[in-house]
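Worksheet for the structure shown next.
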Amino acid sequence: MKKYILKHKGLNILLLTIIIVIATMQTSASLLIIPLTSALKSGESLKFFKLIVVLGLLYLIWIIANFFKIILQANITQIQINDIRNDILVNISNMDYQEFHSRKAEDYVSWITNDMNMIETEVFDNYYIIIECIIEIILTLFAFAQLNLIVLSSVFVLGTIMAIVPNIYNKKMKKAVSKISEENEEFTFISNNYLTGFDLLFHNGRTLVIITRIRKVYEKLKKAKINQSKVQASMMASVLSLNVFAQLSTLSFTGYYIIQGSLALGAFMTVSNLSSTFYNNIQSMISAYSRAKANGNILDKYPVVERDDLGISKDFDNIISSKNLTFKYNDKSTITYPSFTFSKGKKYALIGSSGSGKSTLFKLLIGDLRKYQGNLNFDNDSYSELDVSSLHNNISIVDQSSHIFSDTVRNNLTLGLEFTDQEIREATDKAQITDYIESLENGYETILKDTGDLSGGQAQRISLARALLFNRNIFLIDEGTSSLDKENARKVEDTILKMKDKTVIMITHHLREESKKDFDEVIELS
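Numbering-wise (the working numbering), the sequence shown opens with residue 45 and increments by one.
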């Protein structure tokens, strides 16, 4: 957390200055009670009302400073939270395929939502509370020094005891907070899993499963949060008991010195205010420190991933080939592929029944799966030695998922890269999707919410148009026309297969008989 606070040290110093002003106004107001009481006792009305005006000005400054402090603290906190989010997203974007899929997508969502809420409320908010408390404690001690050194010494000793005792709860608090983070992730995953399965449950008359299954995880989350509250309550009960004892002891010392004539009568109210401020700030600081420390380690669970650019970078020149290629799944089953050679500019169909390894081969060819056995070469270089990003720059991909982002049609096609309107139009024409796009209210600038806004065929044609727009050396298509009607599927396939300078590798469950003549080779996987 220190990294993010120091990154914006200018804003944090400004906030610190405002906090000092607020604390100074509060302490000064407490000290002003002594001369106010003396003026009342001696009947000096003019002096009394002048001091009232000064007191009013102190409170006015306090109110104004508080106003700006609240706004500035919220601003700084959100800036720092977004810095953390950005670092998490950078690390996620640097992951390779297998590392990313070692966790559920819901876990990553939980990192930048639930965890950020915890860091905001339990870490940054508490850090600023600690700073406020420390400043007020220092100023209060300074005020006590102006009154009586014996009282100051007693306050310091009692305050130190209050600060030390709660350390026994630190481990329990850290464990409780870690459990909440775990339960939050499970809650997000299970909720998403069952809610996205609504159609299946609905068509089987079992939507009540949504309630029963999700209820189990939110009950576990509730227990985790209650457990944290119990630890917090135990700690605060100990601190509160010490707080009451310390305040009564301080007032007893003050009363004694007033009776002895060493302090003015007005000092009793001043000490009452100062001791309340002092011990309450210690109590608040302990609570804030405990919560901040317990949550501060939450960043440790996020992986730090450096982008791996050490592989070979190259353009496709000649062939993709394999020999004795096998892949072993986590369940230890193994799939073996026939040897093949894909030459530049030629068209290939890979066909096979379900379970023949078509999707696995697709992932091997685009570099998602790197731990294979045997030989798989890109020209003369092994796939395992290639820079994956370089490989992706050579391959236009069309798979079955056809994911749609919540963005404009244009950005779904370009993925943020620069293309001319003519290039985009030519790609959508070839994918047979231009008429649909232009029928939308804002055409290419229409915002699509998600895949649900489109039919399966429309989403697949957007994916095809993107591949055509990127116009890379190799077209790798995994059931890329499966959601299209027969006529449109034929038109799109014809367009792709007629690109003379492109290498096309089409993976399909079933190849139409009339299409076989358009391929240079049909390879059957078994």
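All C-beta atoms in this analysis are idealised placements derived from N, C-alpha and C, irrespective of residue type, glycine included.
(message) When you compare the CB positions of Asn438 and Phe386, do they come within less than 8 Å of one another, or not?
(response) Here the question's residue 438 lines up with position 394 in the sequence shown. Here the question's residue 386 lines up with position 342 in the sequence shown. Taking 8 Å as the Cβ cut-off, Asn438 and Phe386 do not qualify as a contacting pair.
(request) Could you check the C-alpha separation between Phe144 and Ile448 for me, to the nearest Å? (result) Counting from 1 along the sequence shown, the entry for residue 144 is found at position 100. Counting from 1 along the sequence shown, the entry for residue 448 is found at position 404. Answer to the nearest angstrom: the Cα atoms are 19 Å apart.
(request) Could you tell me whether the stretch 191–210 touches the stretch 276–291, where touching means 3 or more Cβ pairs closer than 8 Å? (result) yes
(message) For Val349, report the span of its alpha helix (DSSP H) as first-last.
(response) If you number the sequence shown from 1, residue 349 lands on position 305. Looking at the DSSP string, Val349 is not in any alpha helix (DSSP H), and its letter there is neither H nor E.
(message) Here's the rule I'm using: 16 or more other beta-carbon atoms within 10 Å means buried, otherwise exposed. How should Ser433 be labelled?
(response) Residue mapping note: residue 433 aligns to position 389 of the sequence shown, counting from 1. Label assigned to Ser433: exposed.
(request) Mind the definition here: the stretch 410–418 touches the stretch 322–340 only if three or more C-beta pairs lie below 8 Å; say whether that holds. (result) no
(message) For Gln190, count the other beta carbons within 10 Å of its own beta carbon; 16 or more makes it buried, fewer makes it exposed. Which is it?
(response) Here residue 190 refers to the residue found at position 146 of the sequence shown. Burial call: exposed.
(request) Going by CA-CA distance only, name the one from Leu318, Tyr488, Ile49 that's closest to Ser72. (result) Residue numbering aside, residue 72 sits at position 28 when the sequence shown is read from its first letter. Considering only alpha carbons, the answer is Leu318.
(request) Give the DSSP-derived three-state secondary structure of Asp412 in the structure shown. (result) Residue numbering aside, residue 412 sits at position 368 when the sequence shown is read from its first letter. Residue state, collapsed to three classes: coil.
(request) Identify, in the order they occur along the chain, each residue of the same chain with its Cβ nearer than 6 Å to the Cβ of Leu158, setting aside the five sequence neighbours on each side. (result) The residue given as residue 158 occupies position 114 in the sequence shown. Inspection of the sequence shows that residue 158 is occupied by Asn rather than by Leu. Around Asn158: Asn228.
(message) Please classify Arg259 as buried or exposed, where buried requires at least 16 other C-beta atoms within 10 Å of its C-beta.
(response) As a position in the sequence shown, residue 259 is number 215, starting the count at 1. Exposed: under 16 other Cβ atoms inside 10 Å.
(request) Starting from the C-beta of Tyr480, find all residues in its chain whose C-beta is less than 7 Å away, skip the five residues before and the five after it, and write them out in chain order. (result) Mapped onto the sequence shown, residue 480 falls at position 436. Cβ within range, chain order: Gln502.
(message) Across the stretch 267–278 and the stretch 213–224, are there enough close Cβ pairs to call them in contact, namely three or more that are closer than 8 Å?
(response) yes
(request) Look up Gly418 in the DSSP assignment and say whether it is helix, strand or coil. (result) Here residue 418 is taken as the residue at index 374 of the sequence shown, counted from 1. If DSSP states are grouped into helix, strand and coil, Gly418 belongs with the strands.
(request) Identify the continuous beta strand (DSSP E) that holds Lys94 and give its terminal residues. (result) Locating residue 94 in the sequence shown gives position 50, counting from the first residue. Premise fails: Lys94 lies in the alpha helix (DSSP H), 89–137, not in any beta strand (DSSP E).
(message) By the three-class DSSP mapping on this structure, what secondary structure does Ile402 have?
(response) As a first step, residue 402 must be located in the sequence shown, where it is residue number 358. Before going further, note that residue 402 is Lys rather than Ile in the sequence given. Of the three classes helix, strand and coil, the one that applies to Lys402 here is helix, per DSSP.
(message) So, for Gln327: in the same chain, excluding its five sequence neighbours on each side, which residues have a beta-carbon less than 6 Å away from its beta-carbon?
(response) As a working mapping, residue 327 is identified with position 283 in the sequence shown. Contacts found: Val283, Asn287.
(request) Could you check which residue in Leu513, Asn486, Gly487 has the C-alpha nearest to that of Gly460? (result) Against the sequence shown, residue 460 aligns to sequence position 416. When each option's Cα is compared against that of Gly460, the closest is Leu513.
(message) Tell me which residues share the same chain as Lys544 and place their Cβ nearer than 8 Å to its Cβ, disregarding the 5 neighbours each side in the sequence.
(response) For the purposes of this step, residue 544 is taken as the residue at position 500 of the sequence shown. So the list reads Gly389, once near-sequence residues are dropped.
(request) Please go through the same chain and pick out, in chain order, the residues whose beta-carbon is closer than 8 Å to the beta-carbon of Val209, but skip the five residues on each side of it. (result) Numbered from its first residue, the sequence shown carries residue 209 at position 165. Closer than 8 Å at the Cβ level, and outside the excluded window around Val209, lie Ser282, Val283, Leu286.
(request) Check the C-beta distance from Tyr392 over to Leu569 and give it rounded, since I have them as a contact under 8 Å. (result) Counted from its first residue, the sequence shown places residue 392 at position 348. Counted from its first residue, the sequence shown places residue 569 at position 525. The Cβ separation is near 12 Å, so there is no contact.
(message) Distance check for Thr472 and Glu489, CA to CA, integer angstroms please.
(response) Taking the first residue of the sequence shown as 1, we reach residue 489 at position 445. Taking the first residue of the sequence shown as 1, we reach residue 472 at position 428. In a straight line, the C-alpha of Glu489 is about 14 Å away from that of Thr472.
(request) Pick out whichever of Asp127, Val536, Ile181 has its Cα sitting closest to the Cα of Ile330. (result) Position 286 of the sequence shown, counting from 1, holds the residue named residue 330. Selected option, being the one with the closest Cα: Ile181.
(request) Use the C-beta contact count for Ala109: other C-beta atoms within 10 angstroms, 16 or more gives buried, fewer gives exposed. (result) The residue you call residue 109 lines up with position 65 of the sequence shown. Buried: at least 16 other Cβ atoms inside 10 Å.
(message) Rounded to whole angstroms, what is the Cα-Cα separation between Phe231 and Gln142?
(response) If you number the sequence shown from 1, residue 231 lands on position 187. If you number the sequence shown from 1, residue 142 lands on position 98. About 24 Å.
(request) Please report how far the alpha carbon of His436 lies from the alpha carbon of Ile395, in whole angstroms. (result) Here residue 436 is taken as the residue at index 392 of the sequence shown, counted from 1. Here residue 395 is taken as the residue at index 351 of the sequence shown, counted from 1. His436 and Ile395: Cα-Cα distance of roughly 23 Å.
(request) Would you mind giving the Cβ-Cβ distance between Ile506 and Asn456, rounded to the nearest angstrom? I have them listed as a contact below 8 Å. (result) Locating residue 506 in the sequence shown gives position 462, where the first residue counts as 1. Locating residue 456 in the sequence shown gives position 412, where the first residue counts as 1. Rounded, the Cβ-Cβ distance is 6 Å, consistent with contact.
(request) State the Cα-Cα distance for the pair Met45 and Glu350, rounded to the nearest angstrom. (result) Start at 1 with the first residue of the sequence shown, and residue 45 comes out as number 1. Start at 1 with the first residue of the sequence shown, and residue 350 comes out as number 306. Distance between the alpha carbons of Met45 and Glu350 is about 20 Å.
(message) Could you tell me the alpha carbon to alpha carbon distance between Ile521 and Val442, rounded to whole angstroms?
(response) In the sequence shown, residue 521 corresponds to position 477, counting from 1. In the sequence shown, residue 442 corresponds to position 398, counting from 1. Cα to Cα, the separation comes out at about 5 Å.
(request) Spatial neighbours of Ser235 within its chain, please: CB distance less than 6 Å, with the 5 preceding and 5 following residues excluded, ordered by chain position. (result) Position 191 of the sequence shown, counting from 1, holds the residue named residue 235. Excluding residues within five positions, the ones whose Cβ falls inside 6 Å are Ile258.
(request) Could you check what DSSP says for Ser282 in three-state terms: helix, strand or coil? (result) Translated into the one-based positions of the sequence shown, residue 282 becomes position 238. Residue state, collapsed to three classes: helix.
(message) To the nearest angstrom, how far is the alpha carbon of Tyr333 from that of Asn324?
(response) Residue numbering aside, residue 333 sits at position 289 when the sequence shown is read from its first letter. Residue numbering aside, residue 324 sits at position 280 when the sequence shown is read from its first letter. So the alpha carbons of these two residues sit roughly 14 Å apart.
(message) Whole angstroms are fine: how far does the CA of Leu295 sit from the CA of Ser89?
(response) The count along the sequence shown starts at 1 and reaches residue 89 at position 45. The count along the sequence shown starts at 1 and reaches residue 295 at position 251. Roughly 29 Å separates the two Cα atoms.
(request) Have a look at Tyr172 and Leu75 and give me their C-alpha separation to the nearest angstrom. (result) Here the question's residue 172 lines up with position 128 in the sequence shown. Here the question's residue 75 lines up with position 31 in the sequence shown. Each residue's alpha carbon lies about 25 Å from the other.
(message) For Ser398, tell me which candidate among Phe384, Ile410, Ile379 has the shortest Cα-Cα distance.
(response) Mapped onto the sequence shown, residue 398 falls at position 354. Ser398 has its Cα closest to that of Ile379, out of Phe384, Ile410, Ile379.
(request) Thinking Val253 and Leu265 are a contact (beta carbons under 8 Å), I'd like their distance in whole angstroms, please. (result) In the sequence shown, residue 253 corresponds to position 209, counting from 1. In the sequence shown, residue 265 corresponds to position 221, counting from 1. With 8 Å as the limit, Val253 and Leu265 do not qualify as a contact, their Cβ atoms being about 19 Å apart.
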